[in-house]
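> Here it is, the structure, as structure tokens.
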Amino acid sequence: MAKKKSVSTVDILSKTKKVHSSVQKDSLSEAINSPAPAEASLDHIVTPVPAAETLPQPRRSIAFIGSECYPFIKTGGLGDVMYALPRTLAKLNCDVKVILPRYKCIPQKWQEKMIYRGAFQMDLCSDGRSFYVGIMEYVWDGVVYDFIDNQEFFSNGNPYTNLIDDIPKFCYFSKAALAALNYMDWIPDIIHCHDWQAALVPVYLRTLFSNTKIGGAKTMLTIHNLRFQGVYNIPTIKYWTGLPDYLFGVDVFKTGADDANMFKAGLAFADMITTVSNTYAGEIQTSFYGEGLDSHLSYHSRKLRGIVNGIDIDQWNPSVDPKLAKGYDVSNVLKNKPQNKLALQEQLGLDKDEGKFVIGLVSRLTDQKGLDLVNAILPALIDGNTQVVVLGTGDPYYESSFRAFEYTYKGSVCSNIMYDEGRAHLIYAGSDALLIPSLFEPCGLTQLIAMRYGTVPIVRETGGLKDTVEPYNQYTGEGNGFTFDWYRTELLLDAINRAKTVYFTDRSNWDKLVERDMNKDVSWENSAKQYRELYLQLRP
Ligand code: ADP
36 MAKKKSVSTV
46 DILSKTKKVH
56 SSVQKDSLSE
66 AINSPAPAEA
76 SLDHIVTPVP
86 AAETLPQPRR
96 SIAFIGSECY
106 PFIKTGGLGD
116 VMYALPRTLA
126 KLNCDVKVIL
136 PRYKCIPQKW
146 QEKMIYRGAF
156 QMDLCSDGRS
166 FYVGIMEYVW
176 DGVVYDFIDN
186 QEFFSNGNPY
196 TNLIDDIPKF
206 CYFSKAALAA
216 LNYMDWIPDI
226 IHCHDWQAAL
236 VPVYLRTLFS
246 NTKIGGAKTM
256 LTIHNLRFQG
266 VYNIPTIKYW
276 TGLPDYLFGV
286 DVFKTGADDA
296 NMFKAGLAFA
306 DMITTVSNTY
316 AGEIQTSFYG
326 EGLDSHLSYH
336 SRKLRGIVNG
346 IDIDQWNPSV
356 DPKLAKGYDV
366 SNVLKNKPQN
376 KLALQEQLGL
386 DKDEGKFVIG
396 LVSRLTDQKG
406 LDLVNAILPA
416 LIDGNTQVVV
426 LGTGDPYYES
436 SFRAFEYTYK
446 GSVCSNIMYD
456 EGRAHLIYAG
466 SDALLIPSLF
476 EPCGLTQLIA
486 MRYGTVPIVR
496 ETGGLKDTVE
506 PYNQYTGEGN
516 GFTFDWYRTE
526 LLLDAINRAK
536 TVYFTDRSNW
546 DKLVERDMNK
556 DVSWENSAKQ
566 YRELYLQLRP
């Protein structure tokens, strides 16, 4: 493996950090999760190559730019999307390159597969400081992954740390990604950027890069979660971006009295904005969900679309999932799934009883996920027939409360305060229901995974949860899960009790619900086609 060392930027960064620390207003600590150097085996995944004549025309080239991608680095749903959507697009006659930071915490087994592709120096800051940009490449299953290498920016044990580090890091990354495309002479039709960490790409493209080779590409910016926007004081962002003064007015960067907002600027410059469900596309134009950008988004709503996420149905396939005690598909789910419940109970020290109603919760532990509601009702759930399994990391407040519940209800509640892909798979398979009572949920993937595993979602009707989980209707026998609308404890409890009532008193309808969920199409196929359509609208 050829490898180059980055030039030292330690002095520059540490000097600037001291200045920043006194003015830091915001913190992303809430968003920081243990990264998931996902080691789950992907060996069982074999992607068939579609016949050339079946491919949709014309061929399009897309550069994906984002801050995480399974299996290299993942802290949440963004990582899943960056993995699955490019692979699906590759099967739809798209030439896809994914550009990512080369974090030091990417597991060694992936680092070893990367091949040195080149390196150059790049100006970044307003005083013209120059930084090393290395490109390490890995080609896998029809998708090219290019990792931007700079050890000073990407050497933390976590992709996200705090804004003091993250603002310079993602200014650098957005500019370096464009510069790398020019360097490699790979000029895509579309540059598809994700969340605030890549939001400066459209801004750079239409300003400092407009007269370069890549200047004619079109941009799409996808909002996975509007809560995190990359906001800092104007002088700092002006310094790190090196962008001209005229961009720091209210229509592009400026927010509040004297802050700059990287996401806001990207949304202003992107040719198209997408978010990960139709409902969320509408919600973010309201003050409750808009995180301060509602009027900016309403202003740009003509270029805003919602496309719901899918999941990778090879990665999430209960019939061949090596993490399960017993594989199953829709033909034998009723017989085999309970064996996973027993395995889960045994592994986690819960009372081993197939007849108990097991509720899973796999989530980042933040207030976004409706955990205040869960905390409020959890004691009312423990009735001798119900067990609760939690898997997650995040806010110490929720980590402690779930630990305390496990202590109080030993045998009925198990709190796994950790990030563990393998355990997540067994929880999806071994639970009867999955709880997702989110305050807001742009799309949500866990409800899709749950349905694929025949586990019935219990969700609040917001964002993508509303778009993907049809409420169960006891009269028509339709629907996929149990839902509630207002963010209120008694409504969550009612939804869970409705689920338990069907489970305990109307098992044949419950079983049909399980089978219906397993039959639901939660793949990327449909969504990827919609993205392709949008790419064609941008570049016919
Ligand atoms: P978000 O992106 O807001 O975190 P999503 O529902 O879109 O939520 O995606 C969450 C993804 O992260 C799912 O693939 C879920 O299985 C996974 N996940 C969340 N927490 C954990 C955990 N503690 N261990 C393993 N996987 C987790």
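Start counting the sequence shown at 36; every next residue gets the next number (the numbering used here).
The beta-carbon is built from N, C-alpha and C at its ideal position, and this holds for glycine as well.
As the structure is a computational prediction, the values presented were derived from the model and not from experiment.
What number of angstroms, rounded off, separates the C-alpha of residue 450 from the C-alpha of residue 376?
Translated into the one-based positions of the sequence shown, residue 450 becomes position 415. Translated into the one-based positions of the sequence shown, residue 376 becomes position 341. The alpha-carbon atoms of residue 450 and residue 376 are separated by roughly 16 Å.
> Ordered along the chain, which non-local residues of its own chain (more than five positions away) have a Cβ less than 6 Å from that of residue 145?
For the purposes of this step, residue 145 is identified with residue 110 of the sequence shown, where counting begins at 1. Same-chain partners within the cutoff: 107.
> For residue 105, which residues of its own chain have a beta-carbon under 6 Å away from its beta-carbon, when the five flanking residues on both sides are left out?
Residue mapping note: residue 105 aligns to position 70 of the sequence shown, counting from 1. Hits under 6 Å: 73, 114, 115, 118.
> Are residue 384 and residue 485 close, meaning C-beta to C-beta below 9 Å?
Locating residue 384 in the sequence shown gives position 349, where the first residue counts as 1. Locating residue 485 in the sequence shown gives position 450, where the first residue counts as 1. It is not a contact, given that the beta carbons lie outside the stated cut-off.
> Taking only runs that begin and end inside the stretch 186-226, name each unbroken alpha helix (DSSP H) of 4 or more residues, in chain order.
Listed in chain order, the complete alpha helix (DSSP H) runs (minimum 4 residues) inside the stretch 186-226 are 198-219.
> Which runs of the alpha helix (DSSP H) fall wholly inside the stretch 245-319 and span at least 4 residues, in chain order?
Segments of the alpha helix (DSSP H) lying fully in the stretch 245-319: 269-276, 297-304, 313-318.
> Taking 8 Å as the cut-off, is the C-beta of residue 430 nearer than that to any heavy atom in the ligand ADP?
Here residue 430 is taken as the residue at index 395 of the sequence shown, counted from 1. No, the ligand ADP has no heavy atom inside 8 Å of this Cβ.
> From the DSSP output, in three-state form, read off residue 452 for me.
In the sequence shown, residue 452 corresponds to position 417, counting from 1. Three-state DSSP puts residue 452 in coil, outside helix and strand.
> Note down, in chain order, each residue of its chain lying with its Cβ closer than 6 Å to the Cβ of residue 180, except the 5 sequence neighbours on either side.
As a working mapping, residue 180 is identified with position 145 in the sequence shown. Around residue 180: 133, 173.
> Who are the near neighbours of residue 94 in its chain, counting only those whose CB is closer than 8 Å to its CB and skipping five residues on each side?
In the sequence shown, residue 94 corresponds to position 59, counting from 1. Here the set comprises 128, 129, 130.
> Please tell me whether, using a cut-off of 8 Å, the distance from the CB of residue 348 to the nearest non-hydrogen atom of the ligand ADP is below it.
Taking the sequence shown and counting its residues from 1, one reaches residue 348 at position 313. Not under cutoff, so the answer is no.
> Does the Cβ of residue 115 lie closer than 8 Å to at least one heavy atom of the ligand ADP?
Within the sequence shown, residue 115 is the residue found at index 80, counting from 1. At least one heavy atom of the ligand ADP is nearer than 8 Å to the Cβ of residue 115, so yes.
> Helix or strand or just coil, what does DSSP make of residue 517?
As a first step, residue 517 must be located in the sequence shown, where it is residue number 482. Residue state, collapsed to three classes: strand.
> Could you compute how far the alpha carbon of residue 66 sits from the alpha carbon of residue 284?
Translated into positions along the sequence shown, residue 66 becomes position 31. Translated into positions along the sequence shown, residue 284 becomes position 249. Because the pLDDT at residue 66 is just 34, under 50, the model does not fix this residue reliably, and the point stays unresolved.
> If you drop the 5 nearest sequence neighbours on each side, which residues of the same chain put their C-beta closer than 7 Å to that of residue 406?
The residue you call residue 406 lines up with position 371 of the sequence shown. Once the five neighbours on either side are set aside, the close Cβ partners of residue 406 are 400, 433.
> Comparing C-alpha positions only, which one of 356, 257, 355 sits nearest to residue 312?
On the sequence shown, position 277 is the one that residue 312 refers to. Residue 312 has its Cα closest to that of 257, out of 356, 257, 355.
> Identify which residue in 138, 255, 197, 92 has its Cα closest to the Cα of residue 304.
As a working note, residue 304 is residue 269 in the sequence shown. Comparing Cα-Cα distances from residue 304 to each of 138, 255, 197, 92, the minimum goes to 255.
> Quick check: residue 551 and residue 499, are their CB atoms within less than 9 Å of each other?
By one-based count along the sequence shown, residue 551 stands at place 516. By one-based count along the sequence shown, residue 499 stands at place 464. No, the pair does not count as a contact, with Cβ atoms beyond the cut-off.
> By how many angstroms is the C-alpha of residue 536 removed from the C-alpha of residue 288?
Counting from 1 along the sequence shown, the entry for residue 288 is found at position 253. Counting from 1 along the sequence shown, the entry for residue 536 is found at position 501. Answer to the nearest angstrom: the Cα atoms are 52 Å apart.
> Which residue or residues does DSSP assign as beta-bridge partners of residue 530?
Stepping through the sequence shown from its first residue, residue 530 is reached at position 495. Answer is none; residue 530 lacks a bridge partner.
> Step through the CB atoms of chain C and report whether any lies within less than 9 Å of the CB of residue 461.
Absent from the structure is chain C; it holds one protein chain and no more.
> Residue 360 and residue 461 - do their beta-carbons sit closer together than 9 Å?
Here residue 461 is taken as the residue at index 426 of the sequence shown, counted from 1. Here residue 360 is taken as the residue at index 325 of the sequence shown, counted from 1. Yes. Within cutoff.
> Alpha carbon to alpha carbon, how far is residue 534 from residue 363? Give it in angstroms, no decimals.
Translated into positions along the sequence shown, residue 363 becomes position 328. Translated into positions along the sequence shown, residue 534 becomes position 499. Cα to Cα, residue 363 sits roughly 23 Å from residue 534.
> Just the C-alpha distance for residue 532 and residue 339, rounded to the nearest angstrom, thanks.
Along the sequence shown, one-based indexing puts residue 532 at 497. Along the sequence shown, one-based indexing puts residue 339 at 304. Rounded to whole angstroms, residue 532 to residue 339 spans 38 Å at the Cα level.
> Would you report the Cα separation of residue 548 and residue 530, rounded to the nearest angstrom?
Here residue 548 corresponds to residue number 513 of the sequence shown, with the count starting at 1. Here residue 530 corresponds to residue number 495 of the sequence shown, with the count starting at 1. Their backbone Cα atoms lie some 15 Å apart in a straight line.
> Is the number of C-beta pairs between the stretch 292-300 and the stretch 224-238 that are closer than 8 Å three or more?
The answer is yes - the stretch 224-238 touches the stretch 292-300, with three or more Cβ pairs under 8 Å.
> Just the C-alpha distance for residue 150 and residue 182, rounded to the nearest angstrom, thanks.
Walking along the sequence shown from the start, residue 150 turns up at place 115. Walking along the sequence shown from the start, residue 182 turns up at place 147. The alpha-carbon atoms of residue 150 and residue 182 are separated by roughly 10 Å.
> Quick one: is residue 22 buried, meaning 16 or more other Cβ sit within 10 Å of its Cβ, or exposed?
In the structure as shown, the chain begins at 36 and stops at 575. Residue 22 is therefore absent and cannot be evaluated.
> Please classify residue 386 as buried or exposed, where buried requires at least 16 other C-beta atoms within 10 Å of its C-beta.
Here residue 386 corresponds to residue number 351 of the sequence shown, with the count starting at 1. The residue is exposed, with fewer than 16 neighbouring Cβ atoms inside 10 Å.
> Run through the DSSP bridge pairs and tell me what residue 229 is partnered with.
Taking the sequence shown and counting its residues from 1, the one referred to as residue 229 is at position 194. Its beta-bridge partners are 257.
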